[in-house]
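There are 4 protein chains.
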Amino acid sequence: MSRTRLEVFSDAVFAVAITLLALNLAVAGPGHGPLLHQVADHWSSFVVYLISFATIGLIWVNHHALIDNLVVIDRTLALLNLVLLLFVVLIPVDTATVAKYLPLGGQDAQVAVILYAAAFLGMGLSFAGIFEWTLRPGRLPQPVPERTRWKARLRFGAATILYLAAVAVAFVSPLVALVIIAGVPVYYIFERAPALGSPAGARQQ
Amino acid sequence: MSRTRLEVFSDAVFAVAITLLALNLAVAGPGHGPLLHQVADHWSSFVVYLISFATIGLIWVNHHALIDNLVVIDRTLALLNLVLLLFVVLIPVDTATVAKYLPLGGQDAQVAVILYAAAFLGMGLSFAGIFEWTLRPGRLPQPVPERTRWKARLRFGAATILYLAAVAVAFVSPLVALVIIAGVPVYYIFERAPALGSPAGARQQ
Amino acid sequence: MSRTRLEVFSDAVFAVAITLLALNLAVAGPGHGPLLHQVADHWSSFVVYLISFATIGLIWVNHHALIDNLVVIDRTLALLNLVLLLFVVLIPVDTATVAKYLPLGGQDAQVAVILYAAAFLGMGLSFAGIFEWTLRPGRLPQPVPERTRWKARLRFGAATILYLAAVAVAFVSPLVALVIIAGVPVYYIFERAPALGSPAGARQQ
Amino acid sequence: MSRTRLEVFSDAVFAVAITLLALNLAVAGPGHGPLLHQVADHWSSFVVYLISFATIGLIWVNHHALIDNLVVIDRTLALLNLVLLLFVVLIPVDTATVAKYLPLGGQDAQVAVILYAAAFLGMGLSFAGIFEWTLRPGRLPQPVPERTRWKARLRFGAATILYLAAVAVAFVSPLVALVIIAGVPVYYIFERAPALGSPAGARQQ
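Protein chains in written order, with numbering that gives the first Met the number 0: chain U, 0 to 204; chain H, 0 to 204; chain Y, 0 to 204; chain X, 0 to 204.
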């Protein structure tokens, strides 16, 4: 398994998913009231679009940081990566569901946000699985020392914990759950993925 | 024909097809009953989504294993590869058809699963064609010895035989046919594609 | 302008267009009669799908053959390539139009096939434009000799002439026009793109 | 962050967005009057399709010119690039909205064109942000001299100023605003992106 091909395939999936997100913003068209009102009624679509876009964008950045340093790319990593992508491609659909049901409130809004948070949770868990794989001997140019592993796990796993919280909170308040979900990409803008060994000389791509 | 370009094009097709799969999971939206019921009624969509995702994912892994070792990439391979992709891009549509008709049962469910299995069968046959191409002299860094060819063919061709069985079984029981189809990616998770000669020094990408 | 980036962008456009083709094959779903009848009524969709898939596939192969040998990739080539892609992305939509209107016959079928042939004609003319660009000095590792230029032009341009014929014929018989359009990729399966100078040592990608 | 991965991801997003544009050209299908009339009524779709295609195509060319020369690709650039793509993926949806509402005229046509121009304005501002990033020391093989910076900014920023004008003009005349928007890619066909230091020896991709 070559790094290039794993990256090209993953990047293409990220790219298609992130572009499909915007299709949810389409208005119903003529005959459904003034366009200005239609756009204004679409506020939930715009908010969820921004959250999903930022999240997929940051996953892509972190995915890159994780894969880029690896010395070896094998079939197991490719399969773990497919599990990650399984959840990534769910995001456009779940984004559309939240956009439609959030303004209605009630149980439907809760269900929509729980599904949305669950897709992110699955994504976070898959990412944690890939991270564990990278910690095994020989995967990184320099092994991550035992004493910093848990710190690294915590940094990478912070998103997973937040998504778990979002699933739970969505039963009570879908809006608060969305705020938590929106916080994850903001967190990763400022908190870089932990440096996983020096890549110096490790790749020649 | 460069390896890179064959791979980038194929990976992009795989990526778009795998991402389009999830669009079938979209619910009808407000006015069609509680969201929880809509999602529950969608069980067939989720099951077929998982089967199709796993199958396309494993094809991609095997495609990589097959192409990666080749010493030469020519126009004939590009054409065979196009035939493979012809069936790959049918999968999202056939997945949607199964998702819609499986819960209804009867002849429609049979037809839907037969179409679905037939697309996979076409894919399997195309893959077998590419495999045969790789066995010709000068294609692999080390030729596959005569005595292991049939073993290799059987490993690669197992999927094709299973898909043929699925087409036949679907006339009687669409559900059993789906179980067979779902078994193929599970089989390939554990059974690696046969090692096709050592790639050592064979490529400089 | 790097060759890699021109190729990745073009390949992604080809890949998305070729995958979108299959979406036209989706049946209307439950409540529109037996699935078997729906599929049978879709014969025109399947035929046009095959024609469009084969055509985009062969364009991709020829595009590769043309770009791969070039010594220089510049902004003018990138703009000519964009004109080519402008017509490539029209193909899925025009394919859908032909699939819908061909079975109805009459003037609508004529208009649909004229639009379809016109998109291919535009594509052929853009390709001819790129080909002319490659004939200028310094573009190929070895200049194409004057005496073989017209032969090369004819080989590359055969498609354009056939598409022009298809546009004209479609006014009389849309079906005969489709047969002509279907003949182009069949022609290019057997007739390779002319060898444009030896690429030996010309690229280090 | 490797240049290759930033480019592959960006190119895939550009490619999907540019291909989705054409989907807006689909006619309603049989039962909606003669196909010739449907196509003729679609004039606004064709015009906006051409404008959007040319604009995304030229952004892609300029994006390449900007990224290709950089000595360093970092996380900040990746985030700025994501902001640019956030606006790029809005273009297919906003194109569809203009196509639907422009022929109706009135306030709806104004709102549609304002949204369209605003997406391009956001894109222009993001591009300007990336451009500023490239001016910091160590980003380019040779720093852009102080005295030519404003000239370079003006060249790159011309689009942003025109899009700002288009937003303002759209309140009065959506058609004139569209002419301004259409002028931007025409401008960039003739005005190259400023040469940002010599790339000689600066990259080894």
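For glycine and all other residues, C-beta sits at the position ideal for the given N, C-alpha and C.
**Report entry** Per-residue burial, Gln-203(Y) [other beta carbons within 10 Å of its own, 16 or more giving buried]
**Finding:** Working through the third sequence from its first residue, we reach residue 203(Y) at position 204. The predicted model places Gln-203(Y) with a pLDDT of 32, which falls under 50 and marks its position as unreliable; any figure quoted below should be read in that light. Answer is exposed; the Cβ neighbour count stays below 16.
Requested in this report: Could you tell me how far apart the beta carbons of Tyr-48(U) and Thr-94(U) are, in whole angstroms, since I believe they sit closer than 8 Å?
Outcome: Position 49 of the first sequence holds residue 48(U). Position 95 of the first sequence holds residue 94(U). Yes, they are in contact, since the Cβ atoms of Tyr-48(U) and Thr-94(U) sit about 7 Å apart, within 8 Å.
Query - As assigned by DSSP and simplified to three states, the class of Gly-28(U) - result: Numbered from 1 along the first sequence, position 29 holds the residue referred to as residue 28(U). In the structure shown, Gly-28(U) falls within a coil segment according to DSSP collapsed to helix, strand and coil.
**Report entry** Chain-ordered neighbours of Ala-77(H) on chain Y, where CB pairs are closer than 7 Å
**Finding:** Working through the second sequence from its first residue, we reach residue 77(H) at position 78. When 7 Å is used as the limit between beta carbons, Ala-77(H) is near these residues of chain Y: Val-60, in chain order.
**Report entry** Run of the alpha helix (DSSP H) containing Met-122(Y), from where it starts to where it stops
**Finding:** Start at 1 with the first residue of the third sequence, and residue 122(Y) comes out as number 123. Looking at the DSSP string, the run of the alpha helix (DSSP H) that includes Met-122(Y) is 105-134.
Query raised in the report: Taking just the CA atoms, how far does Ile-113(X) sit from Val-166(X)?
Result: As a first step, residue 166(X) must be located in the fourth sequence, where it is residue number 167. As a first step, residue 113(X) must be located in the fourth sequence, where it is residue number 114. C-alpha of Val-166(X) to C-alpha of Ile-113(X): approximately 5 Å in a straight line.
Query raised in the report: Mind checking Ser-172(U): buried by the 16 CB within 10 Å criterion, or exposed?
Result: Residue mapping note: residue 172(U) aligns to position 173 of the first sequence, counting from 1. Exposed, by the Cβ-count rule.
Query raised in the report: Got a sec, what are the start and stop residues for the alpha helix (DSSP H) Leu-163(U) sits in?
Result: Locating residue 163(U) in the first sequence gives position 164, where the first residue counts as 1. Looking at the DSSP string, the run of the alpha helix (DSSP H) that includes Leu-163(U) is 145-169.
Requested in this report: State whether the segment 156-166 of chain X contacts the segment 177-184 of chain X, with contact taken as three or more CB pairs (one from each stretch) at a distance under 8 Å.
Outcome: Using a C-beta cut-off of 8 Å, the segment 156-166 of chain X makes contact with the segment 177-184 of chain X, since at least three inter-stretch Cβ pairs fall below that distance.
Query raised in the report: Grouping DSSP H, G and I as helix and E and B as strand, with all else coil, what is Arg-138(X)?
Result: Reading the fourth sequence from its first residue, position 139 is the one you call residue 138(X). Annotated three-state conformation of Arg-138(X) is coil, per DSSP.
**Report entry** Limits of the unbroken alpha helix (DSSP H) element including His-63(Y)
**Finding:** The residue you call residue 63(Y) lines up with position 64 of the third sequence. Unbroken alpha helix (DSSP H) run through His-63(Y): 42-67.
Query raised in the report: Val-12(H) and Ala-16(Y): beta carbons closer than 8 Å?
Result: Here the question's residue 12(H) lines up with position 13 in the second sequence. Here the question's residue 16(Y) lines up with position 17 in the third sequence. Against a cut-off of 8 Å, the Cβ pair of Ala-16(Y) and Val-12(H) comes out as no contact.
Query raised in the report: Using a Cβ-Cβ distance under 8 Å, would Thr-54(U) count as near chain X?
Result: For the purposes of this step, residue 54(U) is taken as the residue at position 55 of the first sequence. No, no contact with chain X.
Report task. Using the Cα positions of Ser-9(Y) and Phe-170(H), report the straight-line distance between them to the nearest angstrom. Result -> Locating residue 9(Y) in the third sequence gives position 10, counting from the first residue. Locating residue 170(H) in the second sequence gives position 171, counting from the first residue. In a straight line, the C-alpha of Ser-9(Y) is about 42 Å away from that of Phe-170(H).
Query raised in the report: What is the DSSP secondary structure of Val-183(Y), reduced to helix, strand or coil?
Result: For the purposes of this step, residue 183(Y) is identified with residue 184 of the third sequence, where counting begins at 1. Residue state, collapsed to three classes: helix.
**Report entry** Where the alpha helix (DSSP H) containing Asn-80(X) begins and where it ends
**Finding:** As a position in the fourth sequence, residue 80(X) is number 81, starting the count at 1. Element bounds for Asn-80(X): 74-87.
Requested in this report: Return the chain-ordered list of same chain residues with a C-beta closer than 6 Å to the C-beta of Ala-111(Y), the five sequence neighbours on each side being excluded.
Outcome: If you number the third sequence from 1, residue 111(Y) lands on position 112. Closer than 6 Å at Cβ, skipping near neighbours: Thr-96, Val-97 and Tyr-100.
Report task. Would you mind stating whether Val-70(U) and Pro-140(U) have Cβ atoms separated by less than 8 Å? Result -> The residue given as residue 70(U) occupies position 71 in the first sequence. The residue given as residue 140(U) occupies position 141 in the first sequence. For Val-70(U) and Pro-140(U), yes; Cβs fall inside 8 Å.
Query raised in the report: What number of angstroms, rounded off, separates the C-alpha of His-63(U) from the C-alpha of Leu-83(X)?
Result: For this step, residue 63(U) is matched to residue 64 along the first sequence. For this step, residue 83(X) is matched to residue 84 along the fourth sequence. Spanning the two alpha carbons is a distance of roughly 19 Å.
Query - C-beta contact flag for Ile-55(U) and Val-87(U) at 8 Å - result: Taking the first residue of the first sequence as 1, we reach residue 55(U) at position 56. Taking the first residue of the first sequence as 1, we reach residue 87(U) at position 88. The answer is yes: Cβ separation under 8 Å.
Requested in this report: Evaluate Gly-104(Y) with the Cβ neighbour count: other Cβ atoms within 10 Å of its Cβ, from every protein chain shown; 16 or more gives buried, anything less gives exposed.
Outcome: For this step, residue 104(Y) is matched to residue 105 along the third sequence. Looking at its Cβ environment, which holds fewer than 16 other Cβ atoms inside 10 Å, Gly-104(Y) is exposed.
Query raised in the report: Relative to the ligand HEM, is the shortest distance from any of its heavy atoms to the C-beta of Val-60(U) smaller than 7 Å?
Result: For the ligand HEM, the structure offers nothing, since it holds no ligand at all.
Query - Terminal residues of the alpha helix (DSSP H) in which Ala-14(U) lies - result: Within the first sequence, residue 14(U) is the residue found at index 15, counting from 1. Ala-14(U) -> alpha helix (DSSP H) spans 2-20.
Requested in this report: Can you tell me which of the three DSSP states Val-70(H) falls into?
Outcome: Counting from one through the second sequence, the residue named residue 70(H) turns up at place 71. Correct three-state label for Val-70(H): coil.
Query - Glu-190(X) versus Thr-75(Y), Gln-109(Y) and Gly-128(Y), residue with shortest Cα-Cα distance - result: Taking the fourth sequence and counting its residues from 1, one reaches residue 190(X) at position 191. The candidate whose alpha carbon is nearest that of Glu-190(X) is Thr-75(Y).
**Report entry** Environment of Phe-119(X) [buried if 16+ CB atoms lie within 10 Å]
**Finding:** For the purposes of this step, residue 119(X) is identified with residue 120 of the fourth sequence, where counting begins at 1. By the neighbour-count rule (16 or more Cβ atoms within 10 Å), Phe-119(X) is buried.
Query - Minimum C-alpha distance to Ile-90(H) - residue among Leu-174(Y), Ser-1(Y) and Leu-20(Y) - result: For this step, residue 90(H) is matched to residue 91 along the second sequence. Taking only the C-alpha atoms, the option nearest Ile-90(H) is Leu-20(Y).
Report task. Report yes or no: is there a C-beta of chain U within less than 8 Å of the C-beta of Val-26(H)? Result -> In the second sequence, counting from the first residue as 1, residue 26(H) sits at position 27. So, interface residue.
Query raised in the report: For Ser-125(H), which option in Gln-106(H), Ile-58(H), Ala-39(H) and Asp-40(H) has the closest C-alpha, if you only look at C-alpha atoms?
Result: Counting from 1 along the second sequence, the entry for residue 125(H) is found at position 126. Nearest C-alpha to Ser-125(H): Ile-58(H).
Query raised in the report: Does any C-beta atom of chain X lie closer than 8 Å to the C-beta of Phe-8(Y)?
Result: Here residue 8(Y) refers to the residue found at position 9 of the third sequence. Chain X, which has a Cβ nearer than 8 Å to the Cβ of Phe-8(Y), makes this yes.
Query raised in the report: Excluding sequence positions up to five away, which residues of its chain have a Cβ less than 7 Å from the Cβ of Phe-249(H)?
Result: Residue numbering for chain H in the displayed model covers 0 to 204; residue 249(H) lies beyond these limits and cannot be assessed.
Query raised in the report: Considering only C-alpha positions, which residue in the set Gly-121(X), Leu-174(X), Glu-145(X) and Val-168(X) is nearest to Gly-156(X)?
Result: Working through the fourth sequence from its first residue, we reach residue 156(X) at position 157. Checking every option, the nearest Cα to that of Gly-156(X) belongs to Gly-121(X).
Report task. Check the Cβ-Cβ distances between Ile-205(U) and every residue of chain X, and say whether any is below 8 Å. Result -> Because residue 205(U) is not part of the residues shown, which for chain U are 0 to 204, the question remains open.
Requested in this report: With DSSP collapsed to three states, give me the class of Pro-102(X).
Outcome: Residue 102(X) sits at position 103 when you count from the first residue of the fourth sequence. DSSP, read as helix, strand or coil, puts Pro-102(X) in helix.
Query raised in the report: Would the beta-carbon of Val-92(Y) fall within 8 Å of that of Ala-25(X)?
Result: Position 93 of the third sequence, counted from the first residue, corresponds to residue 92(Y). Position 26 of the fourth sequence, counted from the first residue, corresponds to residue 25(X). Yes, the Cβ-Cβ distance between Val-92(Y) and Ala-25(X) is below 8 Å.
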